[in-house]
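Colleague:
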Amino acid sequence: MSSGIFDGPPAVPRSSDAAGPEASSTQLALAVGLVGIGLWRRDFASRRLQLNARACELMGRAPEPDGLPEQALRALLHPDDHGAVDEADRQAVALGVAADAEVRCLQPDGRYRTLLTRRVAERDAQGRAVALVGVVLDITEQRATQLRLHRAEQRTLLAAKAVGLALWESDLVTGEWWWDAQMYRLRGLSPDDARTPNELRHTCIHPDDVAFVERRTAQIIEHESDYSFDFRVVWPDGSLRWLAARGSVTRDESGRALAILGFNWDITEHKRGEDMRREKKAAEQASRAKSEFLSRMSHELRTPLNAVLGFAQLMIEDPSDALAGKQRERVQHIHNAGRHLLALIDDVLDLTSVDVGTLPLAPDCVALAPLVREMMQWLAPAAQQAGVTLSAGAIEGAVMADARRLRQVLANLLTNAVKYNRPGGRVEVRVIDDGDVRWLGIGVRDTGRGLTDSQRAHLFEPFNRLGAEREGIEGTGIGLTIVRALVERMRGRVEVDTTVGRGSDFRVWLERAQRPPPSDEAGAAPPPALAAAGRATVDVLYIEDNELNVLLVRELVALRPQVRLHVAVDGRSGIARSRELRPRAVLIDLELPDIDGWAVLRALRADPALSGTRCIALSANAMPEDVARVRRSGFDDYWTKPIDFTQFLGGLDGLAEEGR
């Protein structure tokens, strides 16, 4: 190698001599010395490396006049880093780009030093790569203490024009500035631009950053030695780029600043990454806030609905105090309106959970025949009342889906097919098997009113009922939105064909199951109803501070004479009462005035004397993540408010049976 920067840093030239290629090389050598960069060249013909003194020091090798054999260097590198070096070499040669590799180099004391290397291909007159020329920088400490800033700042300390680092110098005595060619390129300018750095310096800086750069420069000149900061530049095409600046101040013996030598490099992508991370964090925070708000709103809405629906149903069904016809009809209206409001709340929560990605799904092999049979039986009374005939073709096959959510999809499609049909109309459910090895379809076809092209364009919009709200047909306008969202979450798709006056055909395509579905037990007979006579009396403790909820539960428990109800109004008294009673079950509200329901559960589970007590959450928290948390935390069951009478009374019957 020739003398120059490979032989160490030269003397500092006078400002008046800093001109021309020789001066540029001198300035580059000075910069290399200032920031401690190692330089190297690997010749393809000799397979040897020439290293400057700094590079030898970084690699823990003594200088060798003839260079270091390539294999000797490779033996110093950590085996896991060989691939990164080979790939960087390949890119530099094949793609003609500056390529980086971060390596760990074995030192004489047995430790590894982390080095950042960058190389470019040196080519002959015919364009053939004859060598790799590069720089090496010790980033051991930076990797440990400044990992986030490493990629944006430490890489760009590689002081070489070929690797895209821009060099500049300012003579503070004469006021003159010098830029290398890369300084122009970083500002979207040609190195041949006739304007001087003095003229361009402020022209290129973003107007909002000019005052900051000037103020920062003044601070550096006044009392700093090494410095770094970021600023924006505006390219001629109007695009905005971020540049980082790092360098050093040269001072005389009295401390007076004589010159500033520094580097610029582009950190736009790093800044964009920071912006994206901030935006992602903000979006996640907004999503959590939205979920928490909806969970709270769900709880606050479902709690009074528990009393409205519960007492309305008791008034309708209580044979001991039957209502007169008109009064019964009015209470039935209250109950129906409450059920409609509850359905709307549940639909909104489901839709929101899908949107924020919190709706839990458990994909499994689901046999279609029992699922369709169940949904047909469920919808039969509504279809009969509407004068609509239900039918199903040959239902065979299985799909990969969440059984509960697929049931919800079919319930929405079938309900719509009945609601928007006509007296004497038909609804047909069928399996669509077109021979595709991946997909299996479920179709719901009706002979109803159909949709216009305009209505079809807005079919899946939430809360858009396409004019049906003016006809008195019950609905929330969210069902089809949930259908599509759920199907897409299960990696499927929804298709629809519709003709005005002739009906609609909805098709749900899901992945075909590749293994046999579980055996069909849907037709198993339910356990026989328990007779009241002969049952042992069981104690049930209800921990609840809401008086209306307690009153409703008392009314329901009164329908089961074999169950004796006790009440505690807060968590701590509930724990004490449980230890005193040792009840068969404890119904626990999760929102208590002193401690929450999970704290109550932990206390009960920690008491060996209560090992046989069943702990059941009875709460208005109905968000999917709330339900999942309850089930994970160790509750034996979860009953939601508004109370489902069938579930509640069936649960009491089960407790009584267990107590026999």
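So in my numbering the end of the sequence shown lands on 817, straight run, no missing numbers. Using N, Cα and C, we set each Cβ at its ideal position, and we do this for glycine too.
With burial defined as no fewer than 16 other Cβ atoms inside 10 Å of the residue's Cβ, what is the status of PRO125: buried or exposed?
Modeller: Nothing in the structure corresponds to residue 125, since the chain is present only between 158 and 817.
Colleague: Which term fits GLN609, buried or exposed, when burial requires 16 or more other beta carbons within 10 angstroms of its beta carbon?
Modeller: For the sequence presented, residue 609 should be read as Thr rather than Gln. Burial call: exposed.
Colleague: Check each candidate in GLN671, ASP432, CYS522, LEU499 and name the one with the smallest Cα separation from VAL594.
Modeller: GLN671
Colleague: Of all the options CYS522, VAL523, VAL545, which has the alpha carbon lying nearest to the alpha carbon of MET533?
Modeller: Of CYS522, VAL523, VAL545, the residue nearest in Cα terms is VAL545.
Colleague: Counting only runs of 3+ residues fully inside the stretch 722-782, write out the beta strand (DSSP E) ranges in chain order.
Modeller: Segments of the beta strand (DSSP E) lying fully in the stretch 722-782: 742-745, 771-776.
Colleague: Would the beta-carbon of SER790 fall within 9 Å of that of TRP755?
Modeller: In contact: SER790 and TRP755 (Cβ atoms closer than 9 Å).
Colleague: Does the structure place the stretch 353-372 close enough to the stretch 330-344 that three or more beta carbon pairs sit under 8 Å?
Modeller: yes
Colleague: Throw me the rounded Cβ distance for the VAL644 and VAL566 pair, which I believe falls under 8 Å.
Modeller: 6 Å
Colleague: For TYR819, name the three-state secondary structure that DSSP assigns.
Modeller: The first residue shown for the chain is 158 and the last is 817, placing residue 819 beyond what the model contains.
Colleague: Let me know if ALA375 comes out buried or exposed under the rule of 16 or more other beta-carbons within 10 Å of its beta-carbon.
Modeller: exposed
Colleague: If VAL588 sits next to VAL601, beta carbons under 8 Å apart, how far is it from one beta carbon to the other, in whole angstroms?
Modeller: That pair is no contact at about 11 Å.
Colleague: Does DSSP classify PRO290 as helix, strand or coil?
Modeller: The question names Pro, but residue 290 in the sequence shown is Val. Note: VAL290 maps to strand in three-state DSSP.
Colleague: Using beta-carbon positions only, say whether PRO580 and MET557 come within less than 9 Å of one another.
Modeller: PRO580 places its beta carbon 9 Å or farther from that of MET557.
Colleague: For ILE635, does the three-state DSSP call read helix, strand or coil?
Modeller: coil
Colleague: MET533 by DSSP, collapsed to three states: which one?
Modeller: helix
Colleague: According to DSSP, is SER411 helix, strand or coil?
Modeller: coil
Colleague: Which word fits TYR393, buried or exposed, when buried means at least 16 other C-beta atoms lie within 10 angstroms of its C-beta?
Modeller: One point to set straight first is that residue 393 is Pro, not Tyr, in the sequence displayed. The residue in question, PRO393, is exposed, as its Cβ has fewer than 16 Cβ neighbours within 10 Å.
Colleague: Going along the chain, which residues of its own chain have a beta-carbon closer than 8 Å to the beta-carbon of HIS239, five neighbours each way excluded?
Modeller: ARG231
Colleague: Does the Cβ of ALA469 have 16 or more other Cβ atoms within 10 Å, making it buried, or fewer, making it exposed?
Modeller: buried
Colleague: If you count every other CB in all the chains shown that lies within 10 Å of the CB of PRO799, and 16 or more means buried, which is it?
Modeller: Classification of PRO799: buried, given that the 10 Å Cβ count is 16 or more.
Colleague: GLY195: which of LEU480, SER203, THR302, ARG218 sits nearest, CA to CA?
Modeller: The candidate whose alpha carbon is nearest that of GLY195 is ARG218.
Colleague: Just the C-alpha distance for ALA813 and CYS522, rounded to the nearest angstrom, thanks.
Modeller: Their backbone Cα atoms lie some 35 Å apart in a straight line.
Colleague: Can you tell me where the beta strand (DSSP E) with ARG650 in it begins and where it stops?
Modeller: 650-656
Colleague: Please classify ASN421: does DSSP put it in a helix, a strand, or coil?
Modeller: Under the three-state reduction of DSSP output, ASN421 falls in the strand class.
Colleague: Applying the 10 Å Cβ sphere with the 16-neighbour rule, what's the burial state of ALA763?
Modeller: Taking every protein chain shown into account, the CB of ALA763 has fewer than 16 other CB atoms within 10 angstroms, so this residue is exposed.
Colleague: Under three-state DSSP, which class holds SER382?
Modeller: coil
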